[in-house]
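Working notes for the structure below.
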Amino acid sequence: MSYNVASPPLPPSDDHHHDFSDFANSPDSNHHQQYNTSPVRQASLFFIALGILIVLVVVWCCKRKGKMKKHDGKLDNQQPSGGSQGDAANLEIVCVGDAGTSIPASVPSKGTFKYDDLSAATNKFSQDNFLGQGGFGQVHKGVLGNGMEIAVKCLKSGSVQEEGEFEAEVENISRVQHPNLMSLLGYCITSEQRILVYEFIPNKTLEYHLHENESQTLDWSKRMMIAVNCAKGLAYLHDDCEPRVIHRDIKSANIHLKNDYEPLMADFGLAKVTADNITHVSTRIMGTMGYLAPEYAMSGKLTERSDVYSFGIVLLELITGRRPSAKSENLVDWARPLLMTNTLRNGDYSKLVDQRLENEYKYDEMECMIACAAASIRHSSKKRPTMSQVVAALQGDVSILQEFNVGIKFNQRSKEENI
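Now the structure itself:
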């Protein structure tokens, strides 16, 4: 069998004894142009080409495998790239702990989740495992093969970001570590879905225990503990993370309670991370009616004080036991006149406080929480305290709120001023 294969021209050489005719084993060096018809030569060229092809296939497979790993939910330790320097999603968060030590920016990968595994864990996202509909998407309970219970949040299709932006925000979430902020276990990306995986908290939410649990009233000591620790978590986001993190959707339904009623605030990482500037104007209003600060609801102007307003609504829920929105009147409109009465200033909180408490609360703690709520829900964002000031006030230093609660001096008669 003969092969008439045309070979490419050989490079010029002064030494004809080093041309490819050596591989053809041709006795006639003057006719090296015929090497292409030699079976030995053809076999050599075939194996060389085959080797190159194998190398290319191996390189391609390695690159494809690396790209697929990112879709399986592994939280990479690399800083996100691509995108403008001013893009908040590409900014790396550095947080400082309570002891003043920096939390390493490169945190270990939280875990790898594949869509098929999450589908199996939730029984194909069945209605029986449905936990609720949040502001960002549906949540299902799941059980992994090792028995671990998880909460699987499938983000709404309308909120699905580009893959790079989503991964950047997930990286930022993973770096935020606080005992009262719910930690992210991992994530999963498919062509059409973005899924976040959290630890499942069986004791439900503050919303349930305040407004839906008719068999048991949340006592005052638990309410106070929840308020203080949630305030600490928010102060951590505002003051100890760089760039600062604005939650944007603070509400009782996003406060999960562990078995000892220790609160864990959820969904904080789904808010945009804003640089350390004065304000951030959002073209997309995210949050829940009844909790939105006036400036944010009307113009999209977002600051840390917008979070303070929403937290003030949560404090009013803890104090009054009422929902933030009702058919006839919302909570703020109902509470503001009571916060201005002489009766309240004289120490009579009976018209404001949840009747289910049956006056079983510490008077000084109630005074602190009412002072914080009154200061936090002021219409002007500049007249609201910071979360750090709210923490200090809830822990007993009410004097720190004096500049914000002018005209609401508790146990003293003074000139009224609208909140």
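Residue numbers (UniProt numbering): 1 to 419. Quick reminder that beta carbons are idealized off the backbone N, C-alpha and C, glycines included. Being a predicted model, the structure only gives us computed values, none of them experimental.
Exercise. How big is the Cα-Cα spacing for Arg323 and Asp117?
Worked result: 38 Å
Exercise. Is the number of C-beta pairs between the stretch 312-329 and the stretch 204-217 that are closer than 8 Å three or more?
Worked result: yes
Exercise. Do you know how far the Cα of Asp333 is from the Cα of Ala121?
Worked result: 44 Å
Exercise. Can you tell me the Cα-Cα spacing of Gly347 and Ile370, whole angstroms?
Worked result: 11 Å
For this session: Could you check the C-alpha separation between Asn180 and Ile250 for me, to the nearest Å?
Result: 13 Å
Exercise. Between Ser380 and the rest of its own chain, which residues show a CB-CB distance below 8 Å, the 5 nearest in sequence each way excluded?
Worked result: none
For this session: Compute the beta-carbon to beta-carbon distance between Ile195 and Cys154, rounded to the nearest angstrom, for a pair I have assumed lies under 8 Å.
Result: 5 Å
Problem set entry | Alpha-carbon spacing of Gly313 relative to Cys61, whole angstroms | The sequence shown places Ile at residue 313, rather than the Gly named in the question. Roughly 54 Å separates the two Cα atoms.
For this session: For Ile150, name the three-state secondary structure that DSSP assigns.
Result: strand
For this session: Spell out the partners DSSP gives His140 in its beta bridges.
Result: Phe130, Val152
For this session: For Ala275, count neighbouring C-beta atoms within 10 Å of its own C-beta (all shown protein chains included) and say buried if the count is 16 or more, exposed if not.
Result: Residue confidence is low: Ala275 scores 35 on pLDDT, short of 50, so the model does not pin down where it sits. Its coordinate-derived value is still stated next. It counts as exposed.
For this session: To the nearest angstrom, report how far apart Ala373 and Val139 are at their CA atoms.
Result: 30 Å
Problem set entry | Close beta carbons around His238, own chain, < 6 Å, minus the five adjacent residues each side | Arg244, Glu304, Met387
Problem set entry | Nonlocal neighbours in the same chain, by C-beta distance under 8 Å from Ser350, ignoring five residues either side | Asn359
For this session: Determine the burial state of Ala326: buried for a count of at least 16 other Cβ atoms within 10 Å of its Cβ, exposed for fewer.
Result: exposed
Problem set entry | Nearest-angstrom Cα separation, counted from Leu270 out to Ile52 | 47 Å
Problem set entry | Spatial neighbours of Tyr291 in its chain, beta-carbon cut-off 7 Å, leaving aside the 5 residues before and after | Ile250, Lys251, Ser310, Ile313, Pro324
For this session: Please classify Ser109: is it buried, with 16 or more other beta-carbons within 10 angstroms of its beta-carbon, or exposed?
Result: A caution first: Ser109 carries a pLDDT of 47, below 50, which makes its placement in the model unreliable, though a value can still be read off. Ser109 should be labelled exposed.
Problem set entry | Cut-off 8 Å between Cβ atoms - residues of its own chain near Asn259, not counting five sequence neighbours on either side | Pro202, Asn203
For this session: Could you round the C-beta distance between Val197 and Cys241 to whole angstroms and report it? I think they count as a contact, below 8 Å.
Result: Actually they do not touch by this definition, with Cβ atoms about 22 Å apart.
Exercise. Hey, quick one: how far does the beta strand (DSSP E) through Gly186 stretch, first residue to last?
Worked result: 184-189
Exercise. Going by the CB atoms, is the gap between Ile255 and Glu199 shorter than 8 Å?
Worked result: no
For this session: Check the C-beta distance from Ala335 over to Cys368 and give it rounded, since I have them as a contact under 8 Å.
Result: At roughly 16 Å, the Cβ-Cβ gap does not stay under 8 Å, so Ala335 and Cys368 are not in contact.
Problem set entry | Own chain, CB closer than 6 Å to Asp267, minus 5 neighbours either side, in chain order | Asp249, Asn254
Exercise. Do you know how far the Cα of Lys222 is from the Cα of Gln389?
Worked result: 21 Å
Exercise. Between Val400 and the rest of its own chain, which residues show a CB-CB distance below 6 Å, the 5 nearest in sequence each way excluded?
Worked result: The sequence as given places Ile at residue 400; Val does not occur at that position. For Ile400, where only same-chain residues beyond five positions count, the Cβ hits under 6 Å are Gln389, Ala392, Ala393.
For this session: Enumerate in chain order the residues of its own chain whose CB-to-CB distance from Ala89 is below 6 Å, with the five nearest sequence positions on each side excluded.
Result: With a pLDDT of only 38 at Ala89, under 50, the local geometry of the prediction cannot be trusted, and no value is derived from it.
Exercise. Cβ atoms of Ile377 and Ser306: under 8 Å apart, would you say?
Worked result: no
For this session: Give a yes or no on whether the C-beta atoms belonging to Leu315 and Leu338 are separated by under 8 Å.
Result: no
Exercise. Is it right to say Gln402 is buried, meaning 16 or more other beta carbons lie within 10 angstroms of its own, or is it exposed?
Worked result: exposed
Exercise. Hey, out of Glu192, Pro294, Arg356, whose CA is closest to Glu163's CA?
Worked result: Glu192
Exercise. What's the C-alpha gap between Phe43 and Ala49?
Worked result: Note that residue 43 corresponds to Ala in the displayed sequence, not to Phe. Each residue's alpha carbon lies about 10 Å from the other.
Exercise. Hey, Cys230 and Met182 are a contact pair by Cβ (cut 8 Å); roughly how many whole angstroms apart?
Worked result: Contact flag wrong, Cβ pair sits at about 12 Å.
For this session: State the start and end residues of the unbroken alpha helix (DSSP H) segment that holds Tyr198.
Result: Counting along the chain, Tyr198 falls outside any alpha helix (DSSP H), though it belongs to the beta strand (DSSP E) covering 194-199.
Exercise. For the beta strand (DSSP E) that Lys256 lies in, which residues bound it at each end?
Worked result: Here residue 256 turns out to be His, not Lys, going by the sequence shown. Note, His256: beta strand (DSSP E), 255-257.
Problem set entry | Limits of the unbroken beta strand (DSSP E) element including Met265 | 263-265
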